[in-house]
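Student: Sharing a structure with you now.
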Amino acid sequence: DIEHPLDNEIYEELDPLLEAIDKQNKEKDAVANMRKEFSANVSHELKTPLTSISGYAEIMKNGLVKPEDIQNFSERIYKEARRLITLVEDIIKLSKLDEESVELEKEEVNLYDMTREIVSRLSMQSSAKHVRMILEGESVTYTGIRQILDEMIYNICENAIKYNRPGGSVSIWVGNTLEGPKVSVTDTGIGIPEEHLERVFERFYRVDKSHSKEIGGTGLGLSIVKHGALLHQAKVSVDSTVGEGTRISIVFSKNK
Ligand code: ADP
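Numbering-wise, the sequence shown is residues 185 to 440 according to UniProt numbering.
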């Protein structure tokens, strides 16, 4: 057979195109898989507290609870319902981030003032756990989506309290660096084992399921941080030593 010179040229041009299409399809598959996995997780996470609630309620409805246990049962139903509310709120926050928050306007935010306000919102939680919160640094402004920046800083500070030891501390630093504005939160808590460091940003991922359940949480906090960082071209880093503590930092890129 005679090889047609033109055919070869066409193939040379087609190859990268076909490769690009192939890559695109693979990315689509990965996104579809993530969606599927997410829905499966959501269903599971919603079903667990709902099953408990309906179970407790059914026992009460059938008059099978001794009067002295009614308080205890109501308490359990209340707790599971609160858990559901937090979960649904976090899922809504995450899905808003997925829509890339097109409708949310960027504005100039003073990250130091925002963090100070978050620290005061968390004061009940920190004093209940006898954890001291220390905020240092300087005023620094950044143009971003206020609500999302707030959720990011809040989640990291809240974790620093939740996973701390009684009598521990949370040191927060907010200020400017050569790379850009930075918020850094250091705790004296339980730490994160190295093999889990990468995974804690995944949706619903918790290092220790039983421990986390006791502490309370949805496993969505840090994925909200990660998605918020993507939206703001910010970098999140984690440093942790088991039994000593964790430092999570967000570095925002300089506003152009
Ligand atoms: P959760 O709602 O469970 O706190 P997050 O997404 O905020 O979910 O965090 C995921 C997991 O990462 C937590 O369950 C916990 O195991 C671990 N983690 C997060 N922050 C810290 C921290 N400051 N110290 C120790 N472990 C942490």
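Every residue, glycine too, gets a C-beta built ideally from N, C-alpha and C.
Computed from a predicted structure; not experimentally measured.
1. Could you pull out every residue in the same chain whose Cβ sits closer than 8 Å to the Cβ of PHE257, ignoring the five residues on either side in sequence?
2. Please determine, among GLU363, ARG330, SER368, the residue with the shortest C-alpha to C-alpha distance to residue 441.
3. Within 7 Å: the Cβ of ARG390 and any heavy atom of the ligand ADP?
4. Our contact map puts GLY375 next to SER424 with C-beta atoms below 8 Å; I'd like the distance itself, whole angstroms only.
5. Provide the residue span of the alpha helix (DSSP H) that contains SER307, from first to last.
6. For GLU203, decide whether its Cβ has a neighbour in chain D, counting only Cβ atoms nearer than 8 Å.
7. Do GLY328 and HIS228 come within 8 Å of each other at the CB atom, strictly closer than that value?
8. Under the assumption that GLY373 contacts THR430 (Cβ atoms under 8 Å), give the Cβ distance between them as a whole number of angstroms.
9. TYR262 to LEU268, Cα distance in whole Å?
10. To which residues does DSSP link PHE436 through a beta bridge?
11. To test your reading of the DSSP string, which unbroken alpha helix (DSSP H) runs of 4 or more residues are found completely within the stretch 267-294?
12. For the putative contact between ILE356 and MET298, defined by C-beta atoms under 8 Å, what is the C-beta separation to the nearest angstrom?
13. By the three-class DSSP mapping on this structure, what secondary structure does ASN246 have?
14. Would you mind stating whether PHE385 and LYS410 have Cβ atoms separated by less than 8 Å?
15. Closest to SER304 by C-alpha separation, out of ASP282, LEU288, ASP334, would be which residue?
16. My assumption, with CB atoms under 8 Å, is that LEU414 sits in contact with LEU278. Please give the rounded CB distance.
17. According to the neighbour-count rule (16 or more other Cβ atoms, all chains shown, within 10 Å of its Cβ), is TYR326 buried or exposed?
18. Could you check where the beta strand (DSSP E) with ASN360 kicks off and where it finishes?
19. Taking 8 Å as the threshold (C-beta atoms), are ILE276 and LYS366 in contact?
20. In or out: GLY247 buried (at least 16 other Cβ within 10 Å) or exposed?
21. Check for me: the alpha helix (DSSP H) holding ASP334 runs from which residue to which?
22. What does the Cβ neighbour count give for ILE340, buried or exposed, with the cut at 16 atoms within 10 Å?
23. Does DSSP put THR430 in a helix, a strand or coil?
Tutor: So, from the data block:
1. TYR240, ILE243, MET244, VAL249
2. Limits of the chain in this structure are 185 at one end and 440 at the other, which puts residue 441 out of reach.
3. yes
4. 5 Å
5. 307-312
6. Here chain D cannot be found, since the structure has a single protein chain.
7. no
8. Sure, about 6 Å apart at Cβ, within 8 Å.
9. So the two alpha carbons sit approximately 10 Å from each other.
10. In the DSSP assignment, the residues bridged to PHE436 are ALA418.
11. none
12. Between MET298 and ILE356 the Cβ distance is about 11 Å, and since that is not below 8 Å, they are no contact.
13. Coil.
14. Yes; because the gap between Cβ atoms is below 8 Å, this pair is in contact.
15. Nearest to SER304 by C-alpha distance, out of ASP282, LEU288, ASP334, is ASP334.
16. So it is not a contact: roughly 12 Å between Cβ atoms.
17. By the neighbour-count rule (16 or more Cβ atoms within 10 Å), TYR326 is buried.
18. 353-360
19. no
20. exposed
21. 330-346
22. buried
23. THR430 falls in the strand class under three-state DSSP.
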